[in-house]
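For the sequence shown, position 270 (counting from the first letter as 1) is numbered 285 according to the numbering used here, and the numbering increases by one without interruption.
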Amino acid sequence: MSVHADFHVHTTFCDGADTPRAMVEAACRAHLDALGFSGHSFVAFDPAAGMGAERAALYRAEIAALRTEYAGQLPIFCGIEKDVYGEADTSPYDYVIASGHYVPLPGGGFSPVDVSPEIAEHAIRTHFGGDAYRYCAAYYEGLATRILAEARVDIVGHFDLITKFNEGALLFDENDPRYRGAALDALACIAKKCPRFEINTGAISRGWRSAPYPAPFLLKELHALGCHIVLASDSHSAQTLCSGFPAAASLAAACGFTEADVWTDSGFSTIPLG
Ligand SMILES: [Zn+2]
Ligand SMILES: [Zn+2]
16 MSVHADFHVH TTFCDGADTP RAMVEAACRA HLDALGFSGH SFVAFDPAAG MGAERAALYR
76 AEIAALRTEY AGQLPIFCGI EKDVYGEADT SPYDYVIASG HYVPLPGGGF SPVDVSPEIA
136 EHAIRTHFGG DAYRYCAAYY EGLATRILAE ARVDIVGHFD LITKFNEGAL LFDENDPRYR
196 GAALDALACI AKKCPRFEIN TGAISRGWRS APYPAPFLLK ELHALGCHIV LASDSHSAQT
256 LCSGFPAAAS LAAACGFTEA DVWTDSGFST IPLG
């Protein structure tokens with residue numbers, strides 16, 4: 016048995032390229048064991064990034080209809096990727112992935128960490144005096160503070176998203192104690208609230224990274240803390256469902272994990288990594 020189910024999936028209801036139906040059809044063709052959607056929540060200062068209340072209601076209705084239509088063929092679930100700086104009623108969803116996509120800026124406001132290397136460099140230069148470690152510390156402190164304040168978190172999404180544009184240490188050295196200290200402090204805080212983190216392969220399929228999130232030193236710490244993992248493709252198109260899962264499973268095994276969690280009709284279930 017190995018993980019052949021994906022619970023971090025976007026559609027045309029937010030920033031995905033394909034409709035929920037196209038994603039379901041792709042999941043059936045690939046014989047997935049289950050498919051869970053995770054549309055982006057609404058963020059007031061970045062309204063194009065997520066679903067407002069009306070759109071979210073349409074999203075839930077469409078997925079509910081597909082769930083009925085495909086009953087007996089493919090278990091379909093309706094989750095949400097809740098940005099920690101956004102607002103959303105998470106009660107109608109099967110599960111909540113809590114993610115931070117922004118750095119809070121010292122003078123107020125936010126900068127997205129995953130849009131482009133240029134935006135990240137600009138934020139470091141303009142708002143953190145060129146000190147990338149202050150930028151990282153602000154990201155992790157903000158993430159931990161906000162996740163602790165969330166009403167409900169079932170899965171922590173792409174914990175170290177701030178490394179998206181940092182392959183080759185272009186922005187900062189991930190071995191530097193200033194980076195590692197900030198990341199590990201946040202991880203320890205967050206793990207007490209939600210001991211379940213994604214291994215997210217989304218930046219690999221989109222050509223930004225060669226390795227999943229989180230980095231091995233973080234995964235080893237998660238294992239030492241007794242946390243669980245969920246494999247997640249963060250698919251924005253029907254071609255990438257479960258993309259990179261064998262590599263993610265190997266990475267997890269190398270960091271001590273033998274099992275991963277999947278969502279089911281009765282909540283999370285833990286299965287062997289394979
Ligand atoms: Zn995300
Ligand atoms: Zn996502």
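For every residue, glycine included, the Cβ atom is placed at its ideal position computed from N, Cα and C.
In chain order, which continuous runs of the beta strand (DSSP E) of length 3 or greater are located wholly inside the segment 83-152?
As far as the segment 83-152 is concerned, its whole beta strand (DSSP E) runs of at least 3 residues are 91-98, 111-114, 117-119, 125-127.
How would you label Q28, buried or exposed, when you count the other beta carbons within 10 angstroms and need 16 or more for buried?
A quick correction: the sequence has Phe, not Gln, at residue 28. When all chains shown are included, F28 counts as buried.
Does DSSP classify P62 as helix, strand or coil?
Note: P62 maps to helix in three-state DSSP.
Would you kindly check if the distance between the Cβ of L288 and the Cβ of A264 is under 8 Å?
The answer is yes: Cβ separation under 8 Å.
Can you name the start and end residues of the beta strand (DSSP E) that H238 belongs to?
Segment 231-239 is the alpha helix (DSSP H) holding H238; no beta strand (DSSP E) there.
Taking 6 Å as the limit between beta carbons, can you name the residues of its chain near S17, skipping five residues before and five after?
These residues qualify, in order along the chain: G289.
Mind checking H137: buried by the 16 CB within 10 Å criterion, or exposed?
Answer is exposed; the Cβ neighbour count stays below 16.
Kindly identify the DSSP beta-bridge partner or partners of N215.
Its beta-bridge partners are Y228, A247.
Is the beta carbon of G54 closer than 8 Å to that of M38?
Contact: no.
Give every residue whose Cβ lies closer than 5 Å to any heavy atom of ligand 2, listed in chain order.
With the cut-off at 5 Å, the residues found are E96, D249.
What runs of the beta strand (DSSP E), each 3 residues or longer, lie entirely inside the segment 253-288?
Entirely contained in the segment 253-288, the beta strand (DSSP E) runs reaching 3 residues are, in chain order, 274-279, 282-287.
Under 8 Å between the Cβ atoms of H104 and G94?
The sequence given here places Asp at residue 104; His does not occur at that position. Going by C-beta atoms, D104 is not nearer than 8 Å to G94.
Are F92 and W278 close, meaning C-beta to C-beta below 8 Å?
Contact flag set, yes.
Note down, in chain order, each residue of its chain lying with its Cβ closer than 6 Å to the Cβ of R167, except the 5 sequence neighbours on either side.
Here the set comprises T105, V111.
Where does V168 sit, in a helix, a strand or coil, going by DSSP?
Looking at V168 - three-state DSSP - the assignment turns out to be coil, as it is neither helix nor strand.
Pick helix, strand or coil for A184, following the three-state DSSP scheme.
The answer is coil: DSSP assigns A184 none of H, G, I, E or B.
Starting from the Cα of R195, find the closest Cα among G115, L234, R44, G31 and give me that residue.
For the residues G115, L234, R44, G31, the minimum Cα distance to R195 belongs to L234.
Quick one: Cα of A253 to Cα of P127, how far?
Whole-angstrom Cα-Cα distance: 25 Å.
Distance check for P107 and W223, CA to CA, integer angstroms please.
Rounded to whole angstroms, W223 to P107 spans 33 Å at the Cα level.
Using the three-state DSSP reduction, which class does G54 fall into: helix, strand or coil?
Three-state result, G54: strand.
Drop a sphere of 10 angstroms on the beta-carbon of C43, count the other beta-carbons inside from all chains shown, and report buried for 16 or more, exposed for fewer.
When all chains shown are included, C43 counts as exposed.
Look at H251 and D21 and say whether their C-beta atoms are less than 8 Å apart.
Not closer than 8 Å, so no.
Between F290 and Y228, is the Cβ-Cβ spacing less than 8 Å?
Past the edges of the chain, shown from 16 to 289, lies residue 290, and the structure says nothing about it.
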